[in-house]
Amino acid sequence: GTVDVKTTTEADMAKMMVGRQVSFKVNKKPSTPGEEVLKIENLSVKNNKKVLGLKDFSLEVRKGEIVGIAGVEGNGQTEIVEAITGMREIESGAIFFNGRDITKTSIRDRIDDGIAHIPEDRHKRGLILDYTMEDNMVLKVYKNEPFSKNGLINRSKITEYANNIIETFDVRSGEGGKSMARSLSGGNQQKGIIGREVQSNPDLLIAVQPTRGLDVGSIEYIHKRLVEQRDSGKAVLLVSLELDEVLNVSDRIAIVNNGELIGVVNASETDENEVGLMMAGIKRGES
45 GTVDVKTTTE
55 ADMAKMMVGR
65 QVSFKVNKKP
75 STPGEEVLKI
85 ENLSVKNNKK
95 VLGLKDFSLE
105 VRKGEIVGIA
115 GVEGNGQTEI
125 VEAITGMREI
135 ESGAIFFNGR
145 DITKTSIRDR
155 IDDGIAHIPE
165 DRHKRGLILD
175 YTMEDNMVLK
185 VYKNEPFSKN
195 GLINRSKITE
205 YANNIIETFD
215 VRSGEGGKSM
225 ARSLSGGNQQ
235 KGIIGREVQS
245 NPDLLIAVQP
255 TRGLDVGSIE
265 YIHKRLVEQR
275 DSGKAVLLVS
285 LELDEVLNVS
295 DRIAIVNNGE
305 LIGVVNASET
315 DENEVGLMMA
325 GIKRGES
């Protein structure tokens, strides 16, 4: 339909777009953090230009909380994520996961230990677009039983596992798990990735730009899923360039500028203005 901009609210437009009422506010109860899951100590990492993109960075994430990282793009976020997941070498510092030093362990070991990663670019690192959704759902586990044994793939078990994710996470596609990944909408591709990562039952879920380019209905759905992970006792690290998203979804927010940690604030005790100033490099209390 057509509406008058002056008399139409965001909520009205969202309802017209997705066919139902959409909540712009993330409904979540206060967090009850438990034991430390991720601990980063004095981490320094070079960027693609071979200069330090992350400098002496320290942070911890505990069970049952969402820690958001806020900053202007290119201020160390990529280096943080790739260091934690094992995709980038570190210059100095250490990373501990469930009390164990994983600084030098492989990507595969980190996945097997319980680190899940929703990557920033769902096409380059989240999915193989010319594979079916069924095969994409088992990319990290197809070598394990019951999906394969003695080098033989058990296709029926893969189909069963993938269809469970597709149904549970409301991934809509013409042919279900047999649909090619590239045929799905961006929102359904992203729901598939999130389903795959959550289904692995991780202790730490790293979500990078999880709602970039998605419609309001998909954004609402993904935010709910992140909060569900928190409420089930998982540690969640959210990296987003959307300040509203970081403020609404996170329990604590770590602000970075020029590869350095400017400060950590409780989301319930701050606002866009304060976080914006910190993103510009102004530490709390200096303004």
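Position 285, counted from 1, in the sequence shown is what this note's numbering calls 329; the numbers after and before it change by one each time, with no gaps. Backbone N, C-alpha and C fix where the C-beta goes; we use that ideal spot for every residue, glycine too. Keep in mind it's a predicted model, so treat the numbers as computed, not measured.
Quiz item: Helix, strand or coil: how does DSSP classify R328 here?
Solution: coil
Self-check item: Residue environment, T46, which counts as buried when at least 16 other CB atoms sit within 10 Å
Solution: exposed
Quiz item: Does the distance from the CB of G236 to the CB of M177 come in under 8 angstroms?
Solution: yes
Quiz item: Helix or strand or just coil, what does DSSP make of G78?
Solution: coil
Exercise. With DSSP collapsed to three states, give me the class of R240.
Key: helix
Quiz item: Taking the continuous beta strand (DSSP E) assigned at G112, which residues delimit it?
Solution: E109 to A114
Quiz item: According to DSSP, what are the bridge partners of N301?
Solution: E304
Quiz item: Which residue from G97, E85 and P74 puts its Cα closest to that of N301?
Solution: G97
Quiz item: Which value, in whole angstroms, describes the spacing of the CA atoms of T203 and I128?
Solution: 31 angstroms
Self-check item: Beta carbon of L291 nearer than 8 angstroms to that of I250
Solution: no
Self-check item: Exposure label - Q65; buried when at least 16 CB within 10 Å
Solution: Residue confidence is low: Q65 scores 46 on pLDDT, short of 50, so the model does not pin down where it sits. Its coordinate-derived value is still stated next. Classification of Q65: exposed, given that the 10 Å Cβ count is below 16.
Quiz item: Is the beta carbon of E85 less than 8 angstroms from the beta carbon of G170?
Solution: no
Practice problem: Return the CA-CA distance between G15 and F213, expressed in angstroms with no decimal places. | Solution: The displayed coordinates of the chain run from 45 to 331. Any statement about residue 15 would go beyond what the structure contains.
Quiz item: Comparing alpha-carbon positions, which option in V95, F141 and L87 lies nearest V105?
Solution: F141
Quiz item: Can you tell which of D275, L321 and D288 has the C-alpha that lies nearest to the C-alpha of S75?
Solution: D275
Quiz prompt | Assigned secondary structure, N292 (DSSP; H/G/I helix, E/B strand, else coil) | solution = helix
Quiz item: Rounded to whole angstroms, how far is the Cβ of M358 from the Cβ of D165, which I believe are closer than 8 angstroms?
Solution: Residue 358 lies beyond the residue range present for the chain, which begins at 45 and ends at 331; the question has no answer from this structure.
Quiz prompt | Option in E304, N194, E241 and S262 with minimal Cα separation from Q273 | solution = E241
Quiz item: In terms of DSSP beta bridges, what is N310 paired with?
Solution: R296
Quiz item: Could you give the residue range of the alpha helix (DSSP H) that holds S262?
Solution: V260 to D275
Self-check item: P254 classed as buried or exposed, judged by whether at least 16 other C-beta atoms fall within 10 angstroms
Solution: buried
Practice problem: Let me know if D153 comes out buried or exposed under the rule of 16 or more other beta-carbons within 10 Å of its beta-carbon. | Solution: exposed
Exercise. Output yes or no for whether 8 angstroms exceeds the beta carbon distance between A311 and I299.
Key: no
Self-check item: Coil, strand or helix - G218 by DSSP
Solution: coil
Quiz item: Going by alpha carbons, who is nearest to S314 out of L305, R328, K73 and G303?
Solution: Residue 314 is actually Thr in this sequence, not Ser. Comparing Cα positions, the closest option is R328.
Quiz item: Residues bridged to V252 by DSSP?
Solution: V283
Practice problem: Note down, in chain order, each residue of its chain lying with its Cβ closer than 6 angstroms to the Cβ of E318, except the 5 sequence neighbours on either side. | Solution: none
Exercise. Give the secondary structure of G257 by DSSP, where H, G and I count as helix, E and B as strand, and everything else as coil.
Key: coil
Practice problem: Within its chain, find whatever has a CB closer than 8 angstroms to the CB of A160; leave out the 5 residues flanking it on each side and keep chain order. | Solution: E241, V242, S244, P246, L248, L249 and I250
Quiz item: In its own chain, which residues sit with a C-beta less than 6 angstroms from the C-beta of M181, not counting the 5 before and 5 after it?
Solution: A206, I209 and R240
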